[in-house]
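With this note's numbering applied, the sequence shown has no gaps in its numbers, which climb one by one up to 701 at the end.
Cβ coordinates follow ideal geometry from the N, Cα and C atoms, glycine included.
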Amino acid sequence: MAAAPREYEPAAARQVIKKAFPAVNDISPRKDNRAIQELRRHEELLGYAYQTLDFVQTPAYSGKPLNAIVVLDTEGEIKGARVIHHDEPILLIGIPEIKMHEFTDQYVGLKADQRVTVGGKSSERRVAVDGLSGATVTVMVINEVIMKTAHRVGAELGLVEGGGDARPPKAELRTGDFTERSWEELTGDGSVRRLLLSRGQVDDSFKGTEAEGVDEAAPAERDEALIDLYTGYLNVPTIGENLLGESQYQWLMSELKEGEHAIAVMASGEYSFKGSGYVRGGIFDRIQIRQFGDTFNFRDLDFHRLSDVYVDGIPGFSEMAIFIIRQQYNFDPGTPWSLELSVKRQTGPLDSEFAVFPLEYQLPDKYFTRPEVELTEEEWLETQPLWVQVWYQRQFQVVVLGIGIGVLMFILFLQDWLVKKPKVTRWIRHAFLTYTLFFIGWYALGQLSIVNVLTFVNSLISGFKWETFLVDPVIFILWATVAGIVLLWGRAVYCGWLCPFGALQELVNEIARKLKVPQYTVPFAIHERLWAIKYIILLVLFGVSLDSLATAEKMAEIEPFKTAITLRFDRSWPFVTYAVLLVVINMFTRKVFCRYMCPLGAALALPTKLRVFDWLKRRKECGNPCRLCDHECEVQAIHPDGTINYQECHYCLDCQMTYFDDNKCPPLIVKRRGKRRGHNAPGHPEQIPVTQVT
């Protein structure tokens with residue numbers, strides 16, 4: 008059943024139509040599909056307009072579908088395209104809307120059946136449009152919804168050839184085997200499929216049309232069945248012979264010519280699928296078959312009476328029939344098809360409204376085979392879901408990110424060996440932070456955000472879909488890595504090694520130290536209380552997101568990540584000023600934002616108590632009397648008593664380098680000096696006791 012058409016009141020939608028066809032003075036829905044608007048100048052048909060959300064609901068980066076208006080002329084050429092609603096955070100408060108409109112303007116002049124890709128080079132088989140830096144996933148979704156719906160609508164209107172998908176090789180039936188099946192088994196495995204329509208469902212389908220209220224059921228009758236409809240494909244012996252019996256099945260197969268197919272249609276209820284049209288004009292006007300976007304009707308010559316069904320357990324039906332799908336329709340039994348039932352409501356002596364209800368049918372795989380077709384890499388990719396295409400296009404980023412994560416795992420598992428070589432460890436750490444900033448952050452745009460956490464929680468509430476998160480491979484891989492890291496080591500590893508903005512702050516602070524910029528330490532009593540700020544911010548954002556995720560995403564601008572990393576400081580001055588201010592403050596005391604304001608850090612800190620490993624070593628002297636690591640810890644994650652607060656630690660390994668350095672760690676220095684003095688040194692267990700004589 009076609010979706011209810013959306014109103015064309017928004018100014019943006021009308022602007023696109025007027026820009027495409029300035030002379031249009033009549034916008035009205037088509038009778039056979041009200042989601043498609045016909046654009047006319049008086050009686051002259053100029054083109055068509057539709058909203059993509061009426062045809063596809065592909066989730067974008069936010070997890071919600073976006074809506075665009077597309078205008079086609081009568082030759083199937085796109086005359087206008089513009090996104091009129093979206094929930095993309097990067098476009099709401101990041102990239103200017105004009106950039107997105109410039110992107111969609113590239114579709115003007117393209118044919119509805121052309122293959123279009125984002126990025127790359129144009130070829131004979133495809134047209135490449137320029138992407139939008141910082142919104143790769145979003146523009147790929149925009150491309151898919153515009154071109155997929157343009158092809159689908161263009162094919163439905165006869166403006167371009169074919170349906171939305173290329174036809175696969177025709178299925179070959181397995182007709183040699185027969186297995187006895189009951190009615191319950193046939194309906195259970197999908198051999199026979201059902202459509203149950205209540206009177207209330209049908210009444211609701213006419214809301215918003217001129218037929219609203221016509222022949223409407225009383226409130227007490229809304230749940231009554233108008234029709235209980237079943238259909239099954241009969242050429243397969245296990246289905247056909249079980250339904251018809253051996254003799255009737257053999258007769259039917261003898262009647263069919265090569266390339267012809269038979270289906271059974273059975274129903275009960277007050278609404279007849281036959282109607283009376285076939286009696287008057289020889290056409291069954293209430294049912295039709297749709298496949299590949301094509302429809303085919305049945306005439307009286309395609310009809311055979313089905314007087315009895317032999318399968319065990321079948322319910323009673325008020326009418327049953329066999330219909331023949333003729334050769335000219337090129338029907339493919341292995342490809343999904345639908346039996347469409349039309350319900351008509353009379354609105355005047357000559358006027359009426361129709362609602363169409365599809366009974367979807369897919370022949371079970373065990374009944375057919377399909378020849379394999381060798382596809383080129385490009386053709387294969389076009390058949391894959393959007394998230395697969397994105398992963399394929401970003402495979403370089405995926406591979407390099409995977410190598411980086413592998414290197415980090417190597418560092419973590421060999422940390423006790425590495426920290427004994429402080430210069431090597433510091434060189435490795437600074438090199439990895441540079442990789443994190445330049446590759447993960449500024450190149451691959453892999454900056455995680457509290458918005459990701461809020462979107463994930465919201466999806467668990469409203470309906471989780473893997474495709475929502477798989478559509479950005481870099482973010483998905485990072486989140487999968489973080490999930491494992493938090494359980495094994497806590498938040499520390501992400502915040503200290505994989506966060507691009509954290510890497511930017513640390514590298515800037517290292518440069519400032521080289522330039523002798525004075526460093527300030529926040530008194531521990533104040534520092535300890537400032538920790539609470541990020542948790543308060545997290546609670547506020549979470550609470551707001553339960554009411555409005557879009558509002559929470561705007562408030563999440565307290566994170567400077569979009570400005571500093573995703574948009575590389577290419578943004579309006581208030582955002583840039585805020586991000587730069589945080590970086591400048593960081594020059595005097597390390598990672599102020601991370602320690603006190605970051606809601607993402609707070610979210611990752613909460614499950615840190617569940618971590619498996621405590622690999623940061625401490626001595627009994629730590630805190631009393633030795634407080635060297637406490638004073639050296641740049642993020643002040645070591646308490647005065649010597650214990651490490653893993654919820655605030657960034658895993659820089661500085662304390663571990665001190666721990667193993669017998670030229671720096673006071674307990675080790677005392678131990679080393681004791682060894683030099685020999686066994687009779689003071690304090691050794693074997694020393695000769697001395698007694699003071701007075």
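Tell me residue i's beta-bridge partners as DSSP assigns them.
i: Val702; result: Outside the shown range of the chain, which is 8 to 701, sits residue 702, and nothing can be said about it.
i: Met273; result: Tyr237 and Met327
i: Ala119; result: Answer by DSSP bridge pairing: none, since Ala119 is not bridged.
i: Gln298; result: Asp301
i: Trp473; result: Trp473 pairs with nothing; no bridge assigned.
i: Cys629; result: Cys633
i: Gln353; result: Ser359
i: Ala232; result: Ser205
i: Val316; result: Beta-bridge pairing links Val316 to no other residue.
i: Glu51; result: Arg48
i: Leu79; result: Tyr55 and Ile85
i: Val431; result: Val431 is not bridged to any residue.
i: Val90; result: Ala75
i: Trp344; result: Tyr368
i: Ser35; result: Glu45
i: His311; result: Ile329
Please state the DSSP three-state secondary structure of residue i.
i: Pro226; result: helix
i: Phe576; result: coil
i: Tyr57; result: strand
i: Trp486; result: helix
i: Asn74; result: strand
i: Gly171; result: Low per-residue confidence applies at Gly171: pLDDT is 43, beneath 50, and the placement is therefore not dependable, though the value from the model is reported in the following sentence. Three-state result, Gly171: coil.
i: Asp358; result: coil
i: Ala499; result: helix
i: Gly289; result: coil
i: Phe338; result: coil
i: Gln113; result: helix
i: Leu588; result: helix
i: Val397; result: helix
i: Pro244; result: helix
i: Val199; result: strand
i: His268; result: strand
i: Leu180; result: strand
i: Val23; result: helix
i: Thr145; result: helix
i: His437; result: helix
i: Phe375; result: strand
i: Arg188; result: coil
Quick one: what's got a C-beta closer than 7 Å to residue i's C-beta in the same chain, skipping five residues either side?
i: Ala499; result: Tyr653, Cys656, His657 and Tyr658
i: Gln295; result: Thr302, Phe303, Asn304 and Glu347
i: Lys26; result: Gly87
i: Val23; result: Ile76, Val78, Gly87 and Arg89
i: Gln663; result: Gln422, Val426, Leu623 and Lys624
i: His158; result: Ala119, Asp120, Val167 and Gly171
Among the residues of its own chain, which have a CB less than 6 Å from the CB of residue i, if the five just before and after it don't count?
i: Gly247; result: Leu241 and Tyr256
i: Val221; result: Arg352
i: Ser35; result: Glu45
i: Asp172; result: In this prediction, Asp172 scores a pLDDT of 49, lower than 50, which makes its location untrustworthy; no coordinate-derived value is stated.
i: Phe508; result: Phe568, Ala571 and Ile572
i: Phe667; result: Val426 and Lys427
i: His93; result: Leu73
i: Asp309; result: Phe330 and Ile331
Less than 7 Å separating the Cβ of residue i from some heavy atom of the ligand FMN?
i: Ala19; result: Summarising the ligand content, the structure contains no ligands, and the ligand FMN is consequently not present.
Thinking residue i and residue j are a contact (beta carbons under 8 Å), I'd like their distance in whole angstroms, please.
i: Arg206; j: Leu366; result: About 18 Å; that fails the 8 Å criterion.
i: Gly252; j: Ser198; result: Not quite, the Cβ-Cβ distance comes to about 16 Å (not below 8 Å), so this is no contact.
i: Ala232; j: Gly282; result: In fact, because the Cβ distance is near 18 Å, the residues do not count as touching under 8 Å.
i: Asp184; j: Thr245; result: 7 Å
i: Met594; j: Val524; result: 5 Å
i: Asp661; j: Cys629; result: Actually they do not touch by this definition, with Cβ atoms about 14 Å apart.
i: Pro343; j: Phe375; result: 12 Å between Cβ atoms; not a contact.
i: Ile329; j: Ala271; result: 6 Å
Looking only at its chain, what residues have a beta carbon closer than 8 Å to the beta carbon of residue i, apart from the 5 residues adjacent to it on each side?
i: Ala18; result: none
i: Glu704; result: Outside the displayed range of the chain (8 to 701) lies residue 704, so it cannot be described from this structure.
i: Arg618; result: Val493, Leu494, Leu495, Trp496, Gly497 and Tyr653
i: Thr182; result: Asn242, Val243 and Pro244
i: Glu267; result: Ile331, Ile332, Arg333 and Gln334
Worksheet item: Any chance the stretch 387-406 sits against the stretch 228-235, with 3 or more Cβ pairs inside 8 Å?
Response: no
Worksheet entry | the stretch 327-336 / the stretch 358-378 touching (three or more Cβ pairs under 8 Å) | no
Practice prompt. For the stretch 440-447 and the stretch 524-544, state whether three or more C-beta atom pairs, one from each stretch, are separated by less than 8 Å.
Written response: no
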